[in-house]
């Protein structure tokens, strides 16, 4: 599945487009995603304050519960980050067009999702506020951690953080971004 974003403007415009799809590779209504094994191509993350707004600091993931540089079950350290993950990662770049951002493996089904993007960041969100109040197809309800999102994007609050990649599109410029979700089995 390929998502292509394009934009032009006649006035300076802040633009930071993303996709907020939830995925559960175990299947529809199969419970939480805590056993999903995640690998992120990101050695750093943006630090946030109590309101989940980035402070402007970029920190190494090494030795933190935010480290998914090697395959790690999402639930392995989730209790160390409060309600769950809602974290922006600074992508390393890499090989391929676009480069690999993330890989998710669900051990029971063997399903794999790879995410590739031209964006500099990805927000990992683990359905922290799903509370069984949303009913999906076939009457299935979605509980806490019932899905995960990998939102490729520029860093949150970039307009207010000069060290972050710019999200300002100016007249005469063209914005273009690509994210690819590839599904397979292992």
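Numbering (my numbering), first residue to last: 52 to 237.
Heads up, the beta-carbon is just placed ideally off N, CA and C, and yes, glycines get one too.
Being a predicted model, the structure only gives us computed values, none of them experimental.
query = Taking the Cβ atom as the reference point for each residue, do residue 88 and residue 198 lie within a distance shorter than 8 Å?
reply = Counted from its first residue, the chain shown places residue 88 at position 37. Counted from its first residue, the chain shown places residue 198 at position 147. No, they are not a contact pair.
8 Å Cβ cutoff met for residue 56 and residue 200 = Walking along the chain shown from the start, residue 56 turns up at place 5. Walking along the chain shown from the start, residue 200 turns up at place 149. The answer is no: Cβ separation not under 8 Å.
request  = Could you tell me the distance, in whole angstroms, from the CA atom of residue 191 to the CA atom of residue 75?
outcome  = Numbered from its first residue, the chain shown carries residue 191 at position 140. Numbered from its first residue, the chain shown carries residue 75 at position 24. When rounded, the distance between both Cα atoms is 13 Å.
request  = Just list the beta strand (DSSP E) runs in the stretch 169-196, keeping only unbroken ones of 3 residues or longer that don't cross its boundaries, in chain order.
outcome  = 172-176
query = Excluding the five sequence neighbours on either side, which residues of its own chain have a C-beta within less than 7 Å of the C-beta of residue 218, listed in chain order?
reply = Translated into the one-based positions of the chain shown, residue 218 becomes position 167. 65, 66, 67, 205, 209, 210.
ask   = Within the chosen definition, does the stretch 147-164 reach the stretch 86-105 through at least 3 CB pairs nearer than 8 Å?
value = yes
message = Which same chain residues end up closer than 8 Å to residue 108 when comparing Cβ atoms and leaving out the 5 residues on each side of it in sequence?
response = Translated into positions along the chain shown, residue 108 becomes position 57. Correct list, in chain order: 97, 98.
key: Any 3 or more C-beta pairs closer than 8 Å across the stretch 129-139 and the stretch 176-183   = yes
inquiry  = Could you tell me the alpha carbon to alpha carbon distance between residue 117 and residue 104, rounded to whole angstroms?
reply    = Locating residue 117 in the chain shown gives position 66, where the first residue counts as 1. Locating residue 104 in the chain shown gives position 53, where the first residue counts as 1. Spanning the two alpha carbons is a distance of roughly 17 Å.
request  = Work out the CA separation of residue 69 and residue 112 for me, nearest whole Å.
outcome  = Taking the first residue of the chain shown as 1, we reach residue 112 at position 61. Taking the first residue of the chain shown as 1, we reach residue 69 at position 18. In a straight line, the C-alpha of residue 112 is about 23 Å away from that of residue 69.
request  = Starting from residue 139, follow its DSSP beta bridges and name the residues at the other end.
outcome  = Within the chain shown, the letter at position 88 stands for residue 139. 174, per the DSSP bridge assignment.
message = Looking at residue 163: is its Cβ nearer than 8 Å to the Cβ of residue 236?
response = As a working mapping, residue 163 is identified with position 112 in the chain shown. As a working mapping, residue 236 is identified with position 185 in the chain shown. Cβ distance < 8 Å, so residue 163 and residue 236 count as in contact.
inquiry  = According to DSSP, simplified to helix, strand and coil, what is residue 77?
reply    = Here the question's residue 77 lines up with position 26 in the chain shown. Residue state, collapsed to three classes: coil.
inquiry  = Would residue 160 and residue 77 qualify as a contact pair, given that the criterion is a beta-carbon distance under 8 Å?
reply    = In the chain shown, residue 160 corresponds to position 109, counting from 1. In the chain shown, residue 77 corresponds to position 26, counting from 1. Yes. Within cutoff.
Unbroken beta strand (DSSP E) run spanning residue 204, endpoints = Position 153 of the chain shown holds residue 204. Its beta strand (DSSP E) spans residues 200-204.
ask   = For residue 167, which beta-bridge partners are listed by DSSP?
value = Locating residue 167 in the chain shown gives position 116, counting from the first residue. Partner(s): 151, 231.
ask   = Just the Cα atoms here: how many angstroms apart are residue 81 and residue 224?
value = As a working mapping, residue 81 is identified with position 30 in the chain shown. As a working mapping, residue 224 is identified with position 173 in the chain shown. Spanning the two alpha carbons is a distance of roughly 45 Å.
task = Report the rounded CA-to-CA distance for residue 170 versus residue 216, giving the unit in angstroms.
result = Taking the first residue of the chain shown as 1, we reach residue 170 at position 119. Taking the first residue of the chain shown as 1, we reach residue 216 at position 165. Their Cα atoms are separated by approximately 10 Å.
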